[in-house]
Structures are given as C-alpha cells and as structure tokens.
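This report concerns only the one structure given below.
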Amino acid sequence: MTPAAPQDAVIRVENLKTGFGDFIVHENVSFEVRRGEVFAILGGSGCGKTVLLKHMIGLYRPLAGRVLIAGEDIAAAEGERRLAILRRLGVMYQLGALFGNMTLAENIRLPLEEYTDLPDEAMDLIAETKLRLVNLGGAGHLTPSEISGGMMKRAAIARALALDPEIVFLDEPAGGLDPITSAELDELVLRLSDSLGITFVVITHELPSIFAIADRCIMLDKRVRGIIAEGRPADLRDHSPDPRVRQFFNRAASAPAAAA
Ligand SMILES: Nc1ncnc2c1ncn2[C@@H]1O[C@H](COP(=O)(O)OP(=O)(O)O)[C@@H](O)[C@H]1O
Ligand SMILES: [Mg+2]
Numbered sequence: 010m011t012p013a014a015p016q017d018a019v020i021r022v023e024n025l026k027t028g029f030g031d032f033i034v035h036e037n038v039s040f041e042v043r044r045g046e047v048f049a050i051l052g053g054s055g056c057g058k059t060v061l062l063k064h065m066i067g068l069y070r071p072l073a074g075r076v077l078i079a080g081e082d083i084a085a086a087e088g089e090r091r092l093a094i095l096r097r098l099g100v101m102y103q104l105g106a107l108f109g110n111m112t113l114a115e116n117i118r119l120p121l122e123e124y125t126d127l128p129d130e131a132m133d134l135i136a137e138t139k140l141r142l143v144n145l146g147g148a149g150h151l152t153p154s155e156i157s158g159g160m161m162k163r164a165a166i167a168r169a170l171a172l173d174p175e176i177v178f179l180d181e182p183a184g185g186l187d188p189i190t191s192a193e194l195d196e197l198v199l200r201l202s203d204s205l206g207i208t209f210v211v212i213t214h215e216l217p218s219i220f221a222i223a224d225r226c227i228m229l230d231k232r233v234r235g236i237i238a239e240g241r242p243a244d245l246r247d248h249s250p251d252p253r254v255r256q257f258f259n260r261a262a263s264a265p266a267a268a269a
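The sequence shown begins at 10 in the working numbering and counts up one residue at a time.
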C-alpha cells in the first residue's frame, strides 16, 4: 500500500498538551489518524491512553495544542457545530458501561434519543439493525446481566454505531475477555472497518489483537509524556531502534498484558 496523502487524515492531533492542575499527562503530542484505518494506541498503565482518547472526543480541553476532527477543532466548536462533530464519533468507554437496568435495545436507543427526534418505531428498527450488525440480532430484549462478557462488548459497540459514526473509539475492548472472545471482537472490528469504511481508534494491550487489526499505531510512554513509537506494528516489532518498543512487540504472545 502506498502511504496515504496528508489530506486523508480524518483526525489530526497537533502539539497536544494535557494534564490536570500541575500534573502533566501529555507534553507535546502530534499524530494523525487516516480515514478508514484501524489505529491503535498502545502503552503501559497510566501513560495517558484514556486521557488522550477523551481529548480526541472533545470530553476534555487541551492545555495547549488542538485536536481536529475532519479539519474542525473539537474543543473550540460550540453549539450546533459541536453536536455535528460529536455525531460523527462513536465511543465505547473502558469497562463497557451498558446501563444494567435497561435492555440492550434501550441502551442502543440512548444516543438516538439524545441526538435525533426520530419516531419510536424508527429507533427500534435502528437498534435491531445495529444489534444484527454485531451478531446480536433478536437479543434486544435481554438485559446486560443476562448475557456474556463478549456479548456485552458487542452490544456496547452496537450502541457506539447507533448514529452511523465515521469514527469509532474503543477503549480496551478486550479487557476481561478470554483470547477466543477477544479474537471474535477483532473480527468484528475488521468486518465493520471493511464493510462500512469506519475508522477505528482502539486502545489495547493485546498483542494478537494489535497484529490482527491495527494498520498503524502509536506507543505512549509515561515518563516521556508522549509518543515513543509510531508506525505499523510489524515494522516497530522488527525495526524500532527503541528497546522498550521492541520488547513490547516481542514479548511472548501468551505473556500477561501489562495491567490496564
Ligand atoms: N480526571 C482526572 N483527574 C486527574 N488525573 C487524572 C484524571 N484522569 C486521569 N488522570 C491521570 O492521568 C494519567 C493517565 O491516565 P489514563 O489516561 O487513564 O491512563 P491509561 O493509559 O491507563 O488509560 C494517570 O496518572 C491518571 O491517574
Ligand atoms: Mg485507560
């Protein structure tokens, strides 16, 4: 594959500085995510993966720098413009977080109720369509307590798809799953990426998953407060000059992942 032209960047993170009070998480982080790719964010516990994601979806304001979604500064946008950007994004947060007192269908309807004024039947139809998309057709009446962990992750992805987003963010989707269920999730991400052209930004620790799904990745480091590697996973594994990076990619696939 030839390298994508710069205009293919659907997300551009520019000189991002983030933190809380005096505590700096990211110092000067820049990278871009290209349209249609599966982009992975890697790094040890507490290095700022989730904080970075929350800046990319406009939940936090940068201390400096900016995040452009399709050319628009997500933190600077207000009102209708902001809503228009947010509608292009689907998110599955770390720990999944379906509402336990609602059925799967009701969970998927939530973003539709918040962002659209579609009639009831249309929302039901969309909920069922999204459930089918993740192989949960007919399961809309179940509650989270009635389904397996893998099904819960898929339902959470269905909810992230409710508004037909261009970009879907997944924060550690494989967390707590066994390798087989985790591989099924990888297949789902690849299928959605191929069939719908969705761009994915995935935070993960799982080596098999990284090699299976990620076109490109960045690795963050807590001490550096930023990126220590960027590129294709296999290139970084084989050619990174940084021993920390080679070590991460070369650890035995069966070794336990760094704690999330
Ligand atoms: N809302 C917050 N207020 C203060 N510190 C936070 C907040 N969220 C995250 N942090 C801190 O920022 C650092 C990065 O956190 P996070 O992005 O969650 O790490 P991870 O890479 O494990 O996802 C951690 O030291 C964490 O304690
Ligand atoms: Mg995290």
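Backbone N, C-alpha and C define an ideal beta-carbon position, used for all residues, glycine too.
Which partner residues does residue i have in the DSSP bridge list?
i, result
"residue 178", "100 and 210"
"residue 49", "211 and 226"
"residue 21", "41 and 77"
"residue 26", "73"
"residue 82", "77"
Please tell me whether, using a cut-off of 8 Å, the distance from the CB of residue i to the nearest non-hydrogen atom of ligand 1 is below it.
i, result
"residue 185", "no"
"residue 257", "no"
"residue 190", "no"
"residue 53", "yes"
"residue 56", "yes"
"residue 3", "Given a span of 10 to 269 for the chain in the structure shown, any question on residue 3 remains unanswerable."
"residue 32", "yes"
"residue 229", "yes"
What first and last residue would you give for the beta strand (DSSP E) that runs through residue i?
i, result
"residue 37", "32 to 43"
"residue 189", "From DSSP, residue 189 is part of no beta strand (DSSP E) but of the alpha helix (DSSP H) over 188 to 205."
"residue 238", "235 to 240"
Would you check if the distance between the CB atom of residue i and the CB atom of residue j is smaller than 9 Å?
i, j, result
"residue 178", "residue 99", "yes"
"residue 19", "residue 175", "yes"
"residue 182", "residue 213", "yes"
"residue 27", "residue 68", "no"
"residue 254", "residue 238", "yes"
"residue 120", "residue 171", "yes"
"residue 25", "residue 86", "no"
"residue 218", "residue 194", "yes"
"residue 230", "residue 53", "yes"
"residue 167", "residue 140", "yes"
Count the other CB atoms, across all protein chains shown, that sit within 10 Å of the CB of residue i; report buried if there are 16 or more and exposed otherwise.
i, result
"residue 122", "exposed"
"residue 48", "buried"
"residue 35", "buried"
"residue 64", "buried"
"residue 236", "buried"
"residue 262", "Residue placement at residue 262 is poorly supported in this model, since its pLDDT is 47, which falls under 50; the coordinates are not used for a value here."
"residue 186", "buried"
"residue 109", "exposed"
"residue 131", "exposed"
"residue 204", "exposed"
"residue 57", "buried"
"residue 260", "exposed"
"residue 196", "exposed"
"residue 154", "exposed"
Answer yes or no: the CB of residue i versus the heavy atoms of ligand 2, is any distance below 8 Å?
i, result
"residue 212", "yes"
"residue 181", "yes"
"residue 27", "no"
"residue 59", "yes"
With residue i as the anchor, note down where its alpha helix (DSSP H) starts and where it stops.
i, result
"residue 126", "Where residue 126 is concerned, there is no enclosing alpha helix (DSSP H), given that its DSSP letter is neither H nor E."
"residue 64", "58 to 65"
"residue 153", "No alpha helix (DSSP H) holds residue 153; DSSP gives it neither H nor E."
"residue 89", "88 to 95"
"residue 171", "Looking at the DSSP string, residue 171 is not in any alpha helix (DSSP H), and its letter there is neither H nor E."
"residue 275", "What the structure shows of the chain is the stretch from 10 to 269, and residue 275 is not part of that stretch, so it cannot be assessed."
Give a yes or no on whether 9 Å exceeds the smallest Cβ distance from residue i to chain D.
i, result
"residue 112", "Absent from the structure is chain D; it holds one protein chain and no more."
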